[in-house]
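Engineer:
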Amino acid sequence: MDSKNLFSRLKELGHNSKRDELRDYCKQKYELILKNISNCILNSDASDLINYLFKGLIDNHSGTSKVKLIDKVLQTMRKESTSLTHCGDVVSRLCLELPRLPVEHLVRWSDDSVQSIIDDSDINMIWRDVLPECLNAISTYSSVKHCGTDMSGAEYKIQCVHTLCQCRWKERQLVQLTAMFKDMQLPRNEHKQVVNKICSYIVDIPPETLPPLVHQLLKLCKVHNMEIVLAHLSNYFNLHLYSKLEPPPQDSESTTMDIDDIVQHSHAELSRCLSTCLYHISQGAADQELIRRQIKQWPKTQLLRTPFLVDLALAVSDKGSEFRSLCLDVIRSAIEQRTLDELRSKESSWVRSVLPPDVNVASVLKVLTTESANHRQLTVLGLINLAFSLLSVPKTKAVAPTCWSHGKLILVRLCKSQPETAQHILGQLSDKLMGDATHRHTILESCQPAGDYVHAAQVYAAVRPLISFILKHMRLSGSSLSSSQGECSGQYSGHSITSRIKNETICLEKPALQETLLELFYDHLSKYEPIGYLLYGIAQHLQPSENESDDILSSQLDNSTGYLKTKLNCILDRVCDCET
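My numbering puts the first residue of the sequence shown at 1121, with every later residue one more than the last.
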């Protein structure tokens, strides 16, 4: 009987559930089945065939028939390349049978699996499923014999783990090894040893390989040692990505290329890798409560030196009010602490000597805002919330002006690099200015008129970049410009300006057109309540003081800030009239 007819008859009996006939057939044809099983194991229906064989083979306590069959299947699957689906189907059915077989064979298969990992001789890496199943079954035995030594099953399991950790792993094995250890139910000490071993390879892994490894590491570290994974990921992205985005030192005069400047992977590849890793941690396999505990433990003094951890905190800050409050408070506290240390360093040489020189908050924020465009909106909302959190620092704190400056930096850079965020930012800004008295007074309280209206001008300077990006999406026509002052209207009345780039240029570079732009701003946007509230929130802090000199408003050219103050007041009067 040829092998085709042999196994066709076997599958027919198994499919029709003829149990007794199947057992008799397997008993009669057992030697022939073993001889030809290697050729059939690669067929698409191999998992069904193995299932029928295990049902048809009746063994005594020694399980000799099934053991020989498993040996044949394992030998074939280790040598012949198959698809992942086919290999998974065959091996998973095989693993169901392993715990029922004698322990001496489990030990032998475990040794074979460990050796195949060391030698990298298993094409399909079936040890990923076979070894955990064998070791978990062996660990239930009080005594096993290995290389002439009696030991408990748990001791043998630990010995196998130690042996694996002492050998060198191949890059292609890392993901499967991590998945294998996840299924082993390791003791805490061995778990830490394994995680350290896997993470030691992270620094040299290409960006396309890292995300699947991170996904498996998150599953492996659902309870313990997550901090090890985050530390190695932080080092990886600091080395390969964030450090390349930071501007060179201002005093650097070197024109030669350092060997470290020759990158193996493109910025786009690394950005995609970072984005996927952040997604896995914030939206995927990681335990969110564990991540929250890790964030609480991060030291303030080190957080700003690890932009990856800041990015991670921003990514998980949208998981609810508790996460948002915790994540933003951690980052803001780190910024405040660094700013306070810098203020102290100006007064103390000792503080200057112990303060890390390689932390620049503005540079870190620039890197984060630049990179946020590549993170599939994972960190943008967190950055916006962080900016408003920095803007809400009370003015009674010595660090308030610096924190406000950082908040403004984030918002302006986001609007410039991601124009679609401008609408949300303006809406949030107007809501906070008019909807919450605390925020309004915190952000604008220092802008009461005094002397030369410096503070009022600073408020206008902070808002003007945002206004410009709204205006550049409008059409400025000759008719609308004709209502400006005579000099301006004479120059521009004959032209129709429709280019968005020209609009922005006019807004930023033509101070004489500020009146026209404010008029247009009112004409186009007064129907939107948040914008009207925003204008009102600004202008109410620009009222004239009692001792104001008439000379301040005497000339637009002499003091443009005073002129703009008057214009804003006029516009706000019209807004109030419309609302009443």
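Cβ atoms here follow ideal geometry from the backbone N, Cα and C, with glycine treated the same way.
Small disclaimer: the values here were computed from a predicted structure and weren't measured.
Count the other CB atoms within 10 Å of the CB of Phe-1127; is the residue buried (16 or more) or exposed (fewer)?
Structural biologist: buried
Engineer: Would the segment 1412 to 1427 and the segment 1447 to 1454 be scored as touching if the rule is three or more Cβ pairs under 8 Å?
Structural biologist: Three or more Cβ pairs drawn from the segment 1412 to 1427 and the segment 1447 to 1454 lie within less than 8 Å of each other, which places the two stretches in contact.
Engineer: Looking at Cys-1523: is its Cβ nearer than 8 Å to the Cβ of Ile-1455?
Structural biologist: yes
Engineer: Trp-1229: buried (16+ other C-beta within 10 angstroms of its C-beta) or exposed?
Structural biologist: buried
Engineer: Determine the DSSP secondary structure at Met-1271, reduced to helix, strand or coil.
Structural biologist: strand
Engineer: Quick check: the segment 1390 to 1408 against the segment 1462 to 1470, are there 3 or more CB pairs under 8 Å?
Structural biologist: no
Engineer: Taking 6 Å as the limit between beta carbons, can you name the residues of its chain near His-1354, skipping five residues before and five after?
Structural biologist: The residue you asked about is not His; residue 1354 is Ser in the sequence shown. In its chain, beyond the 5 residues on either side, Thr-1426, Phe-1428 and Leu-1429 have a beta carbon closer than 6 Å to the beta carbon of Ser-1354.
Engineer: Could you tell me whether the segment 1504 to 1522 touches the segment 1388 to 1400, using the rule of 3 or more Cβ pairs below 8 Å?
Structural biologist: Counting Cβ pairs under 8 Å, fewer than three are found: no touch.
Engineer: Which of the three DSSP states is assigned to Gln-1370 in this structure?
Structural biologist: Any answer about Gln-1370 is weak, because its pLDDT of 46 lies below 50 and its placement is not dependable; what the coordinates show is given next. Looking at Gln-1370 - three-state DSSP - the assignment turns out to be coil, as it is neither helix nor strand.
Engineer: Since Arg-1198 and Ile-1246 are thought to touch, with beta carbons under 8 Å apart, how far apart are those beta carbons, to the nearest angstrom?
Structural biologist: In this structure, Arg-1198 and Ile-1246 form a Cβ contact; the two beta carbons are roughly 6 Å apart against a cut-off of 8 Å.
Engineer: Run the CB neighbour count on Gly-1268, radius 10 Å, all protein chains shown included, and call it buried at 16 or more, exposed below.
Structural biologist: By the neighbour-count criterion, in which 16 or more other beta carbons inside 10 Å mark a residue as buried, Gly-1268 falls on the exposed side.
Engineer: Using a Cβ-Cβ cutoff of less than 7 Å, which residues in the same chain neighbour Leu-1263 once the five nearest sequence positions on both sides are dropped?
Structural biologist: The residue you asked about is not Leu; residue 1263 is Ser in the sequence shown. Within the same chain, Ser-1263 has close Cβ partners Asp-1270 and Ser-1272.
Engineer: Assuming the contact rule is C-beta atoms closer than 8 Å, Cys-1285 and Lys-1317 should be a hit. Round their C-beta distance to whole Å, please.
Structural biologist: 5 Å
Engineer: Can you tell me whether His-1526 is helix, strand or coil according to DSSP?
Structural biologist: helix
Engineer: Tell me which residues share the same chain as His-1341 and place their Cβ nearer than 7 Å to its Cβ, disregarding the 5 neighbours each side in the sequence.
Structural biologist: Note on residue identity: the sequence assigns Cys, not His, to residue 1341. Within the same chain, and ignoring the five residues on either side of Cys-1341 in sequence, the residues whose Cβ sits closer than 7 Å to its Cβ are Val-1315 and Val-1349.
Engineer: Is the beta carbon of Val-1210 sitting closer than 8 Å to the one on Ala-1274?
Structural biologist: no
Engineer: Since Leu-1189 and Leu-1177 are thought to touch, with beta carbons under 8 Å apart, how far apart are those beta carbons, to the nearest angstrom?
Structural biologist: 7 Å
Engineer: Within 10 Å of its beta-carbon, does Pro-1252 have 16 or more other beta-carbons around it, so buried, or fewer, so exposed?
Structural biologist: buried
Engineer: Mind checking whether Lys-1186 and Ser-1158 have CB atoms under 8 Å apart?
Structural biologist: Contact: no.
Engineer: Compute the Euclidean distance between the alpha carbons of His-1282 and Thr-1202, then round it to the nearest angstrom.
Structural biologist: The alpha-carbon atoms of His-1282 and Thr-1202 are separated by roughly 30 Å.
Engineer: Here's a check: name, in chain order, each residue in its chain whose Cβ is nearer than 6 Å to the Cβ of Leu-1498, leaving out the five neighbours to either side.
Structural biologist: Leu-1398 and Ala-1435
Engineer: Which residues mark the beginning and the end of the alpha helix (DSSP H) in which His-1311 is found?
Structural biologist: 1308 to 1319
Engineer: Using only the heavy atoms of the ligand NAD, determine whether one of them is closer than 7 Å to the beta carbon of Asp-1438.
Structural biologist: Summarising the ligand content, the structure contains no ligands, and the ligand NAD is consequently not present.
Engineer: Here's a check: name, in chain order, each residue in its chain whose Cβ is nearer than 8 Å to the Cβ of Lys-1131, leaving out the five neighbours to either side.
Structural biologist: Asp-1165, Asp-1168, Leu-1169 and Tyr-1172
Engineer: From Leu-1152 to Val-1234, what distance separates their C-alpha atoms?
Structural biologist: 31 Å
Engineer: From Arg-1143, Val-1227 and Lys-1528, pick the residue whose C-alpha is nearest to that of Lys-1486; which is it?
Structural biologist: Lys-1528
Engineer: Name the residue from Glu-1310, Tyr-1356 and Thr-1459 whose alpha carbon lies nearest to the alpha carbon of Thr-1421.
Structural biologist: When the alpha-carbon of Thr-1421 is set against those of Glu-1310, Tyr-1356 and Thr-1459, the nearest one is in Thr-1459.
Engineer: Output the distance between the C-alpha atoms of Leu-1142 and Asn-1136, rounded to the nearest integer angstrom.
Structural biologist: Leu-1142 and Asn-1136 have their alpha carbons spaced roughly 10 Å apart.
Engineer: For Leu-1333 versus Leu-1294, is the C-beta distance shorter than 8 Å?
Structural biologist: yes
Engineer: Quick one: what's got a C-beta closer than 7 Å to His-1335's C-beta in the same chain, skipping five residues either side?
Structural biologist: His-1400, Gly-1404 and Ala-1405
Engineer: Taking the C-alpha atoms as reference points, what is the distance between Asn-1623 and Glu-1442?
Structural biologist: Annotation note: pLDDT 49 at Asn-1623 (below 50); position unreliable, coordinate value reported separately. Near 42 Å, if we compare the C-alpha coordinates of Glu-1442 and Asn-1623.
Engineer: Short of 8 Å in beta carbon distance, which residues of its chain neighbour Lys-1138, apart from the five on each side in sequence? Order them along the chain.
Structural biologist: none
Engineer: Find the nearest neighbour of Ile-1258 within the set Asp-1242, Asp-1240, Gln-1279 and Asn-1244, judged by alpha-carbon distance.
Structural biologist: Gln-1279
Engineer: Hey, Glu-1291 and Ile-1325: beta-carbon distance below 8 Å or not?
Structural biologist: yes
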